[in-house]
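Colleague: Taking full-length UniProt numbering, I'd label the letters of the sequence shown as residues 1 to 477.
Positions of the beta carbon are idealized from the N, C-alpha and C atoms, including for glycine.
Before I ask anything, let me first share the structure, which is written out below as structure tokens.
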Amino acid sequence: MPSPKVAAPDVPVELREGLERLRDRLDLPRSFPPPVLEDAEAAAGLAADGHVDRTDIEFVTIDPASSMDLDQAVQIERDGDGYLVWYAISDVAHFVRPGTALEAETHDRGLTRYAPGARIPLHPSVLSEGAASLLADGRPRPAMMWEIRLGPDGKTRDVALTRALVRSYAKLSYDEVQADVEAGTLHPSIALLPEVGGLRQQVEIDRGGVSLNLPDQEIVERDGTWELEFRRLVPVETWNAEISLLTGFAAADTMLRGRIGILRTLPPAEEWALGRLRRQARGLGVDWPRSMTYPEFVRSLSPEDPVQLAVLTKCTMLFRGAGYVAFDGELPEGNLEHNALAAPYAHTTAPLRRLVDRYVLEICHALLNDLPVPDWAREGLAALPDEMAEAGRSANAYERGVIDLTEALVLSSRVGETFTGVLTDVHPKSGVGTVQFRDPAVELRLKADAEDVGTEIRVRVDAVDVVEGKVTVTEID
Numbered sequence: 001m002p003s004p005k006v007a008a009p010d011v012p013v014e015l016r017e018g019l020e021r022l023r024d025r026l027d028l029p030r031s032f033p034p035p036v037l038e039d040a041e042a043a044a045g046l047a048a049d050g051h052v053d054r055t056d057i058e059f060v061t062i063d064p065a066s067s068m069d070l071d072q073a074v075q076i077e078r079d080g081d082g083y084l085v086w087y088a089i090s091d092v093a094h095f096v097r098p099g100t101a102l103e104a105e106t107h108d109r110g111l112t113r114y115a116p117g118a119r120i121p122l123h124p125s126v127l128s129e130g131a132a133s134l135l136a137d138g139r140p141r142p143a144m145m146w147e148i149r150l151g152p153d154g155k156t157r158d159v160a161l162t163r164a165l166v167r168s169y170a171k172l173s174y175d176e177v178q179a180d181v182e183a184g185t186l187h188p189s190i191a192l193l194p195e196v197g198g199l200r201q202q203v204e205i206d207r208g209g210v211s212l213n214l215p216d217q218e219i220v221e222r223d224g225t226w227e228l229e230f231r232r233l234v235p236v237e238t239w240n241a242e243i244s245l246l247t248g249f250a251a252a253d254t255m256l257r258g259r260i261g262i263l264r265t266l267p268p269a270e271e272w273a274l275g276r277l278r279r280q281a282r283g284l285g286v287d288w289p290r291s292m293t294y295p296e297f298v299r300s301l302s303p304e305d306p307v308q309l310a311v312l313t314k315c316t317m318l319f320r321g322a323g324y325v326a327f328d329g330e331l332p333e334g335n336l337e338h339n340a341l342a343a344p345y346a347h348t349t350a351p352l353r354r355l356v357d358r359y360v361l362e363i364c365h366a367l368l369n370d371l372p373v374p375d376w377a378r379e380g381l382a383a384l385p386d387e388m389a390e391a392g393r394s395a396n397a398y399e400r401g402v403i404d405l406t407e408a409l410v411l412s413s414r415v416g417e418t419f420t421g422v423l424t425d426v427h428p429k430s431g432v433g434t435v436q437f438r439d440p441a442v443e444l445r446l447k448a449d450a451e452d453v454g455t456e457i458r459v460r461v462d463a464v465d466v467v468e469g470k471v472t473v474t475e476i477d
């Protein structure tokens with residue numbers, strides 16, 4: 001029986017063949033096998049036995065407006081001279097039981113792969129957008145509820161994790177919450193989010209962590225077609241991310257103390273790489289005083305300035321080799337930190353979209369409640385790093401391929417036109433450069449000279465293949 005075609009109403013007709021070829025090339029699934037769907041339907045009706053009733057806490061979710069796979073819900077309140085962060089994470093392990101076809105499928109997929117109208121989810125929608133999603137539909141959901149107490153400086157004082165029945169009181173979007181921040185009308189459950197988020201940002205600075213302030217290239221749907229835009233995070237997204245990071249740090253600390261778990265790691269930048277970055281910045285005319293640390297330097301750069309954007313792009317090359325390290329018993333030798341965050345860290349807040357988070361939650365729940373770690377969680381640890389690495393490669397290739405197709409679609413009616421953009425980088429071996437344009441919001445690749453990085457160049461679109469996602473361009477002097 002042939003696989004169903006990619007034909008969601010919001011996928012432009014021009015891209016459907018290209019999406020099909022991309023999925024074929026990456027050997028990605030079109031649908032869930034019947035036994036998996038049967039397991040998911042049965043799991044959606046499971047009673048939440050063993051979950052304490054905490055529907056009294058007024059949780060809210062903050063996500064992109066169109067999202068339906070809602071992993072996290074938050075409520076923040078004052079706690080003496082500090083703060084109490086309630087963070088409910090979907091209890092996916094309640095639904096995905098060991099030995100089922102559903103569980104096996106999550107290991108095959110590893111991650112949700114994203115594209116408008118062509119999303120490839122980790123779990124069937126009856127769970128990911130229904131019974132396991134923390135939707136504000138009045139229906140209580142089973143959750144892993146973190147209880148994190150912070151001091152007045154935003155640093156963690158105490159952590160607890162409980163299986164609880166929770167209810168989301170509002171589904172909020174980033175833009176909506178940002179507008180509420182500016183109007184002074186934040187929902188009471190997150191009235192303290194700017195305060196706590198700001199404190200956690202300062203904790204990151206004090207710790208030596210750093211986040212790159214690069215604009216995201218995003219696909220947006222307008223009038224039945226796809227367009228691209230570069231957008232920077234609004235402040236509320238950064239504050240919300242700080243709550244997720246806070247929880248990931250708590251999970252990592254819990255597992256390290258318990259000597260069982262899996263961490264998200266990133267090796268430290270090599271001294272030679274820092275030296276090269278200093279030389280590159282100097283070559284581009286960007287001052288980096290010797291007294292300024294790398295995190296301070298990154299925070300001083302603005303993506304609105306073409307030359308500084310090029311330096312920020314080069315900063316992405318400094319930290320390479322992100323992965324996972326699993327352990328059970330003695331801690332492994334070598335790096336156990338996420339060095340961009342300057343601390344041990346674990347993925348734990350997105351179990352609907354990421355396989356590893358289900359394991360982290362289950363292990364942390366056992367450790368924090370003096371319970372034995374379930375056999376399935378212990379036995380599956382060793383294979384997780386490789387499973388997540390393979391899923392990550394596949395997801396990155398799919399999402400990059402979808403962007404390539406969309407760039408071709410955007411430029412398909414503009415062959416022969418000339419655009420001006422910024423050369424942000426040139427690969428040292430291939431000599432292929434990346435040019436970022438604001439309008440249209442695309443990134444194109446062409447042969448370029450490394451000495452031109454950070455300068456504006458003019459490019460003519462010569463040909464476009466929408467099916468293959470290829471754009472042929474020529475630099476114009």
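Just to confirm my understanding: we take E221, look at its own chain, exclude 5 residues before and 5 after, and list those with CB closer than 7 Å. What are they?
Modeller: Same-chain partners within the cutoff: D10 and P116.
Colleague: Taking the alpha helix (DSSP H) that A281 falls in, what are its first and last residues?
Modeller: Its alpha helix (DSSP H) spans residues E271 to G283.
Colleague: Would you mind reading off the limits of the alpha helix (DSSP H) that contains M68?
Modeller: No alpha helix (DSSP H) holds M68; DSSP gives it neither H nor E.
Colleague: For V52, does the count of other Cβ atoms within 10 angstroms reach 16, so buried, or fall short, so exposed?
Modeller: Counting Cβ neighbours within 10 Å, V52 comes out exposed, since fewer than 16 surround it.
Colleague: On a CA-only basis, which of V85, L228 and L367 is nearest F437? Give me that one, please.
Modeller: Among V85, L228 and L367, the Cα nearest to that of F437 belongs to L228.
Colleague: Output needed for P440: all residues of its chain with C-beta closer than 6 Å, excluding positions within five of it in sequence on either side, in chain order.
Modeller: The residues are V410.
Colleague: Does DSSP classify G334 as helix, strand or coil?
Modeller: Note: G334 maps to coil in three-state DSSP.
Colleague: Between the alpha carbons of S430 and P152, how many angstroms are there, rounded?
Modeller: Their Cα atoms are separated by approximately 51 Å.
Colleague: Going by DSSP, what residue range makes up the alpha helix (DSSP H) through V181?
Modeller: V181 -> alpha helix (DSSP H) spans Y174 to A183.
Colleague: Label Q280 either buried or exposed according to how many other C-beta atoms from any shown protein chain fall within 10 Å of its C-beta, with 16 as the threshold for buried.
Modeller: Buried is the call here.
Colleague: Taking three-plus beta-carbon pairs below 8 Å as touching, is the stretch 138 to 152 in contact with the stretch 80 to 98?
Modeller: Judged by Cβ distances under 8 Å, the stretch 138 to 152 makes contact with the stretch 80 to 98, as three or more pairs qualify.
Colleague: Does the beta carbon of Q178 come closer than 8 Å to any beta carbon on chain B?
Modeller: The structure shown contains no chain B; it is built from a single protein chain.
Colleague: Using C-beta distances below 7 Å, list every residue in its chain close to G50, excluding the 5 sequence neighbours before and after it, in chain order.
Modeller: Result list for G50: R163, in chain order.
Colleague: Given a threshold of 16 other Cβ atoms within 10 Å of its Cβ, counted over all protein chains shown, does K447 qualify as buried or as exposed?
Modeller: Under this definition K447 is an exposed residue.
Colleague: Between which two residues does the alpha helix (DSSP H) harbouring W239 extend?
Modeller: That run of the alpha helix (DSSP H) goes P235 to G258.
Colleague: Measure the CB-CB distance between N213 and P306 and report whether it falls below 8 Å.
Modeller: No.
Colleague: Starting from E105, trace the alpha helix (DSSP H) in both directions and tell me its first and last residue.
Modeller: A101 to R109 is the span of the alpha helix (DSSP H), which, as asked, contains E105.
Colleague: From which residue to which residue does the beta strand (DSSP E) around A42 run?
Modeller: That residue, A42, is in no beta strand (DSSP E); its alpha helix (DSSP H) goes P34 to A44.
Colleague: Distance check for A326 and G184, CA to CA, integer angstroms please.
Modeller: Rounded to the nearest angstrom, the two C-alpha atoms are 44 Å apart.
Colleague: Check V473 in the structure and name its three-state DSSP category.
Modeller: Note: V473 maps to strand in three-state DSSP.
Colleague: Quick check: what's the CA-CA separation for E176 versus V236?
Modeller: Roughly 10 Å separates the two Cα atoms.
Colleague: So the beta strand (DSSP E) I89 belongs to, where does it begin and stop?
Modeller: I89 -> beta strand (DSSP E) spans G82 to S90.
Colleague: Note down, in chain order, each residue of its chain lying with its Cβ closer than 6 Å to the Cβ of G321, except the 5 sequence neighbours on either side.
Modeller: Excluding sequence neighbours, G321 sits near P267.
Colleague: Out of A310, S133 and A241, point me to the one whose CA is closest to Q284's CA.
Modeller: With the sequence shown as reference, residue 284 is identified as Leu, and Gln is not the correct amino acid for it. Of the candidates A310, S133 and A241, the one whose C-alpha sits nearest the C-alpha of L284 is A310.
Colleague: Would you kindly check if the distance between the Cβ of V422 and the Cβ of E451 is under 8 Å?
Modeller: Taking 8 Å as the Cβ cut-off, E451 and V422 do not qualify as a contacting pair.
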